[in-house]
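Using the numbering used here, read the sequence shown as starting at -17 and increasing by one per residue. Note that beta-carbon positions come from the ideal geometry of N, C-alpha and C, so glycine has one too. Just so it is clear, the structure is predicted and the values come from calculations on it, not from any experiment. Notes follow the structure.
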Amino acid sequence: MENAVKIILVIIAVVAALLFLGWLGFRIKPQPLPAFGSEAPAPKTVQLPAGLPAPVERYFRQVYGGDQVPVIDSAVISGRATMSPVGGLKIPARFRFYHQAGQDYRHYFEMTWFGQKFGVGNEHYLDGMSRLSLPMGLSDQGPQVDQAANLSLWAEYAWLPSLWVTDPRVRWEAVDDETALLVVPFGDGEQTFVAHFDPESGRLRLLESMRYKDSKSAAKTLWINESSNWTDIGGYQIPATGAVTWFDQGKPWAVFTVEDIEVNVDVSQAIREGRQ
């Protein structure tokens, strides 16, 4: 009996040690991805359009320090993140998003343990169609996924906000002193975000929209993008951190922190790599 108890205690100790080791591995941040390494001239600028809702105009003047905004055709957005795809476990990751402005993107990310890659994801939104290729052989596609991907495309321009005023297909509609509607193109139609601005700082606080979770979703769920950690990136004041929350889950399932943005670089090849 005594030996059996000792064996059980040893097993418990080993399991506890393995659990602690697993937890510790997910506490270590990965190193950033290597620089994309492409060069491009500084973007030209154009005047901020007239007639914007008051909180929107205030926001853009703060971000760009006046009435001139950059014209962006493409971008490479890099940084690190924590993701909770299942069970609430926060998995560290590093990511790179390639954008052909207002049209296509590729999301590339590496999930890590003890700073080492153990899973790779690629999400493509090309020519209006999306396909997800995720770790553990998971993938998804279909009309609901396309709808969700187009919202991601435009929501990520919280890091490239001039695209919300330089693309002629986009428009802003007034609501009140702290809120406006951001209407973006989607196929032959449109999609709408509700943009909430902080009443004191004037900064963008939340973008909300109705989005499908996956190809099996019968109904849309409120999708919330929270902007924070405002800092200087590329000479402009933008929110380095974006937290993504499904309303029915109540807390972010992913938090992305941008560390580098390159604009107007050639992404024509990189944006299609890893496509299946």
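So, for Leu114: in the same chain, excluding its five sequence neighbours on each side, which residues have a beta-carbon less than 6 Å away from its beta-carbon? As a first step, residue 114 is located in the sequence shown; it is residue number 132 there, counting from the start. Answer for Leu114: Glu105, Ser121, Asp122, listed in chain order.
Check whether the Cβ atoms of Asn207 and Ala222 sit closer than 8 Å, and answer yes or no. Working through the sequence shown from its first residue, we reach residue 207 at position 225. Working through the sequence shown from its first residue, we reach residue 222 at position 240. Against a cut-off of 8 Å, the Cβ pair of Ala222 and Asn207 comes out as no contact.
Alpha-carbon spacing of Leu164 relative to Ser66, whole angstroms: Numbered from 1 along the sequence shown, position 182 holds the residue referred to as residue 164. Numbered from 1 along the sequence shown, position 84 holds the residue referred to as residue 66. Leu164 and Ser66 have their C-alpha atoms roughly 28 Å apart.
Return helix, strand or coil for Arg254, following the three-state DSSP convention. Position 272 of the sequence shown, counted from the first residue, corresponds to residue 254. Arg254: helix per DSSP, three-state reduction.
Under the DSSP definition of a beta bridge, which residues are partnered with Glu325? As displayed, the chain neither begins before -17 nor continues past 258, which places residue 325 out of reach and without an answer.
Cβ shell of His89 (< 6 Å), same chain only, five flanking positions each side left out: On the sequence shown, position 107 is the one that residue 89 refers to. Result list for His89: Phe79, Glu105, in chain order.
Expected contact under 8 Å - CB spacing of Phe238 and Phe77 to nearest Å: Against the sequence shown, residue 238 aligns to sequence position 256. Against the sequence shown, residue 77 aligns to sequence position 95. Contact flag correct, Cβ pair sits at about 7 Å.
Compare the C-alpha of Phe91 against each of Asp128, Asn246, Pro74 and name the closest. To locate residue 91, count along the sequence shown from 1; it is residue 109. Among Asp128, Asn246, Pro74, the Cα nearest to that of Phe91 belongs to Pro74.
Contact belief for Lys11 with Arg62 at Cβ below 8 Å, rounded distance in angstroms: On the sequence shown, residue 11 is found 29 positions in, with the first residue counted as 1. On the sequence shown, residue 62 is found 80 positions in, with the first residue counted as 1. Lys11 to Arg62, Cβ: 6 Å. Contact.
Residue nearest to Val166 in terms of C-alpha spacing, selected from Phe179, Val152, Asp158, Asp159: Looking up residue 166 in the sequence shown gives position 184. The shortest C-alpha separation from Val166 is found at Val152.
Straight-line Cα distance separating Thr174 from Leu145: One-based indexing of the sequence shown puts residue 145 at position 163. One-based indexing of the sequence shown puts residue 174 at position 192. Cα to Cα, the separation comes out at about 15 Å.
For Leu135, which three-state DSSP category applies? The residue labelled residue 135 in the question sits at position 153 within the sequence shown. Here Leu135 sits in helix by DSSP.
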